[in-house]
Amino acid sequence: MTLLSLSHVTKIYRQGGMLGRRLITAVKDVSFEIGDEPEILSIVGESGSGKSTVAAMILGQAEPTEGELQFAGKTVAIHNRAERTAFMKEVQPVLQNPFEAFNPLKRVDRYLFETASNFSTSGKRPNRREVEKMADTALHHVGLTLEEVKGRFPHELSGGQLQRVAIARALIPEPRLLVADEPVSMVDASLRMAIVNLFGRLKNELGLSIIYITHDLATAYYVSDNIIIMRKGEIVERGRARAVLDDPQHAYSRALKDAVLAAEFGEVG
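Numbering follows my numbering, with no gaps: position 160 of the sequence shown is 159.
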């Protein structure tokens, strides 16, 4: 069974007032699938390529102007809180800036406990001990423990730690898909590979599929099973990551490789 399917999806935004209104096509005729087997699919492109708009539509935060998105065979359509909660048990976001995802005046363990209470996989509201166990289990998956983060505010954690807490929070509902939008762009360069390696481990250990949205071709090359390269809202190249990036066929893909991948790894192929 197909886990996620996008079929001829287009997203058009209207900008400006009544007199100066214009249409902006952010995504144009995008189609792709993620199958039943866990995979990391990277969507790569520069700013304005449409990759974050694709992420927003997958997460149900924006509706396509044309085309259809399906998750587990059902059209992604969220009209109320109950539908949002049910969908987010299956699909969870990991945001770009972990410091914006957490209120600086709120202890980070509160977020974990609230998520555990709201998204209990048992179907009933968990007690305090169960909530803490759910949080601690999720933290262990990202290399942390509840003891390390309990009672601490966001500023008391490093950017890398906070991003791992954000990933742990996303794991609590036991989703089948993570959508990570530029998850390493705000993390120190020395820690980026640790986060990327974590995604690979989560795929293998939890059977989790991950959509990795990035402009960083080097990390996409390293971690991806499959890759999509976008430019100006359209897919210009796709396929197995190593095959595409070892021998890119589109001029834009070749330019990205020349500018980024060669600088990180040396020439490939």
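Quick reminder that beta carbons are idealized off the backbone N, C-alpha and C, glycines included.
Bear in mind the structure is a predicted one, so any value in this text is a computation, not a measurement.
* Asked: Going straight from the alpha carbon of residue 107 to that of residue 116, what length do you get?
  -> Position 108 of the sequence shown, counted from the first residue, corresponds to residue 107. Position 117 of the sequence shown, counted from the first residue, corresponds to residue 116. Rounded to whole angstroms, residue 107 to residue 116 spans 15 Å at the Cα level.
* Candidates 232, 233 and 247: closest to residue 239 by CA position -> Locating residue 239 in the sequence shown gives position 240, where the first residue counts as 1. Measuring from the Cα of residue 239, the nearest candidate turns out to be 247.
* To do: Say whether the segment 70 to 85 touches the segment 0 to 16, bearing in mind that this needs 3 or more beta-carbon pairs closer than 8 Å, one atom from each stretch.
  => Inter-segment contact for the segment 70 to 85 and the segment 0 to 16 is present: three or more beta-carbon pairs are separated by less than 8 Å.
* **Counted within 10 angstroms of its Cβ, other Cβ atoms place residue 256 as buried (16 or more) or exposed** => Within the sequence shown, the letter at position 257 stands for residue 256. Result: buried.
* To do: Report the rounded CA-to-CA distance for residue 23 versus residue 145, giving the unit in angstroms.
  => The sequence position of residue 23 within the sequence shown is 24, counting from 1. The sequence position of residue 145 within the sequence shown is 146, counting from 1. For residue 23 and residue 145, the distance between alpha carbons rounds to 45 Å.
* For residue 165 versus residue 93, is the C-beta distance shorter than 8 Å? -> The sequence position of residue 165 within the sequence shown is 166, counting from 1. The sequence position of residue 93 within the sequence shown is 94, counting from 1. In this structure, residue 93 lies closer than 8 Å to residue 165 by Cβ.
* Neighbourhood of residue 111 by C-beta distance below 6 Å, restricted to the same chain and skipping five residues each side -> Counting from 1 along the sequence shown, the entry for residue 111 is found at position 112. Cβ within range, chain order: 134 and 168.
* **Terminal residues of the beta strand (DSSP E) in which residue 91 lies** => Translated into positions along the sequence shown, residue 91 becomes position 92. 90 to 93 is the extent of the beta strand (DSSP E) around residue 91.
* Asked: CA-CA distance, residue 268 and residue 258?
  -> The residue you call residue 268 lines up with position 269 of the sequence shown. The residue you call residue 258 lines up with position 259 of the sequence shown. Low confidence applies to residue 268: its pLDDT is 39, below 50, so where it sits in the model is not reliable, and the reading given next is rough at best. Going from the Cα of residue 268 to the Cα of residue 258 covers about 16 Å.
* To do: Would you please verify whether the beta carbon of residue 78 is less than 8 Å from any beta carbon of chain C?
  => Absence of chain C from the displayed structure is noted, only one protein chain being present.
* If we count Cβ pairs, one from each stretch, closer than 8 Å, do we get three or more for the segment 144 to 158 versus the segment 53 to 64? -> no
* If you run the structure through DSSP and keep just helix, strand and coil, what is residue 149? -> As a first step, residue 149 is located in the sequence shown; it is residue number 150 there, counting from the start. Residue 149: coil per DSSP, three-state reduction.
* Could you tell me which of 27, 37 and 12 sits nearest to residue 0, measuring between CA atoms? => Taking the first residue of the sequence shown as 1, we reach residue 0 at position 1. Comparing Cα-Cα distances from residue 0 to each of 27, 37 and 12, the minimum goes to 37.
* **DSSP state of residue 9 mapped onto helix, strand, coil** => Within the sequence shown, the letter at position 10 stands for residue 9. Three-state result, residue 9: strand.
* On a CA-only basis, which of 251, 188, 124 and 177 is nearest residue 234? Give me that one, please. => As a working note, residue 234 is residue 235 in the sequence shown. The candidate whose alpha carbon is nearest that of residue 234 is 251.
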